[in-house]
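As numbered in our numbering, residues 26 to 148 make up the sequence shown, in order. A short worksheet on the structure shown next.
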Amino acid sequence: MHPAPLLIVDGANVVGSRPDGWWRDRRAAAQRLRDALVPYVTEGLPPEHPGPLDIVLVVEGAARGVESVPGVRVDEAPGSGDDRIVELAAAAAGPCIVVTADRELRGRVGALGARCVGPRSVY
């Protein structure tokens, strides 16, 4: 049996893609994103990545303190969120998809074989 594809979400980048006042309360914005990710656990990202997906939301800075929920694991980056995402992508046991619009990060994880999609794919 193959492991479910790993979907790694760049929390800061995805939250920052919506001008909805996220800067007033970064933790609450990360919680909204976490909750919006739950349906993708079973639905996947059609058409290329049907569910189930293993989802990790990487948070940093003021967004720390967001708890995991069933299906979405929240990973608090000890330093740079981008560096943590690269670590997770490098350790992935199977297919890996990274959600970010950050060009540099896309290059770094792409070199590891990860597929990248933009924030609008999930939020």
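No residue lacks a Cβ here, since even glycine has one placed at the ideal position from N, Cα and C. Please read all numbers here as calculations on a predicted model, not as lab measurements.
Which full runs of the alpha helix (DSSP H) of 4+ residues lie inside the region 29-58, going along the chain?
36-40
Going straight from the alpha carbon of Arg131 to that of Arg109, what length do you get?
13 Å
Please report how far the alpha carbon of Gly76 lies from the alpha carbon of Val134, in whole angstroms.
21 Å
Other residues of its chain near Val84: CB distance less than 8 Å, five sequence neighbours each side excluded
Gly36, Ala37, Ala55, Val91, Val99, Asp100, Glu101, Ala102 and Gly106
State yes or no: is the C-beta of Val66 within less than 8 Å of the C-beta of Leu58?
no
Can you say whether Ala88 is buried or exposed, counting buried as having 16 or more other CB atoms within 10 angstroms of its CB?
buried
Do the region 44-52 and the region 135-144 meet, that is, are 3 or more Cβ pairs less than 8 Å apart?
no
Segments assigned alpha helix (DSSP H), at least 4 residues, entirely inside the region 84-139:
106-116 and 128-135
CB-CB under 6 Å to Ala61, same chain, minus the five flanking residues each way: which ones, in chain order?
Tyr148
Is the separation between the beta-carbon of Val123 and that of Ile33 shorter than 8 Å?
yes
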